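This report refers to the structure that appears directly beneath it.
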Amino acid sequence: MLEHLIEWDQAAFGLINGTWHNDFLDVILPYWRNKKTWIPLYALLLLIIGKDRGFKTVWVLIIIGLTIGLSDQVSSQWIKKTIERIRPCNDTNLGAVRELVPCGGGYSFTSSHATNHFAFAMQLFLLFRLNWQKRYFVLLFFWAGLIAYSQVYVGVHYPLDVTMGAILGCFLAWIVYWATAWLGIIKKIWS
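In structure tokens:
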């Protein structure tokens, strides 16, 4: 079973990284996955939330910080160091891999980019789903999904790395949300 899953994952990687490539995405997706590209988005979200919540935005930032901190630690420090899956761009058994960004020496499973961005999207969705128009925060899942796809496209992760990272990020955001709700922090945002 695991062998078939790995074969499927490698075949899907070959499609995304190789067969489905085009010149436009070769230029765009390396930037799309770069966290510095999104500083204006983070600033815009901070302004929107700050305008609506005022000083209570500090609580939102604390919750987002806890969420990203937890998701990054679980993904990069616990899971990657336990599983030790080699990145596709470092896997000599794979053959030609199109590396559009430097490969890096860390492990592949799970994708911390996917984990962290889905955790961020999920946490904002959970925090604001009842009070603002959900559709705007649902767009963050599309954004996080494109970042995850980009990780495969540029050659640094397998599809299963980003899929499991997305699931993990959403789950960890949910845990932080319910823990902070239990502690009464969520109420402070909306009181």
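In terms of our numbering, the sequence shown opens at residue -5 and continues consecutively. Even glycine gets a Cβ: it sits at the ideal position worked out from N, Cα and C. Note that the coordinates shown come from a computational prediction; the quantities given were computed from them, not determined experimentally.
In the structure shown, the three-state DSSP call for Tyr36 is helix. Secondary structure within the segment 35 to 77: the alpha helix (DSSP H) runs of 4 or more consecutive residues, fully enclosed, are 51 to 66, 74 to 77 (chain order). Residue environment analysis places Lys74 among the buried positions, since at least 16 neighbouring C-beta atoms fall within 10 angstroms of its C-beta.
Non-local C-beta neighbours of Ser65 in its own chain, meaning closer than 6 Å and more than five positions away in sequence, comprise Thr109, Asn110, Ala113, Gly163, Leu166, ordered along the chain.
Annotation: Asp85 is outside any alpha helix (DSSP H) and is labelled neither H nor E by DSSP. Counting along the chain, Leu166 sits inside the alpha helix (DSSP H) bounded by residues 153 to 176. Note that the C-beta distance between Leu60 and Gly149 is not below 8 Å.
In this structure, the beta-carbon distance from Cys97 to Asn84 falls below 8 Å. Contact between the segment 20 to 29 and the segment 128 to 144 is present, with at least three C-beta pairs closer than 8 Å. Going by DSSP, Ser106 is part of the alpha helix (DSSP H) stretching over 106 to 122.
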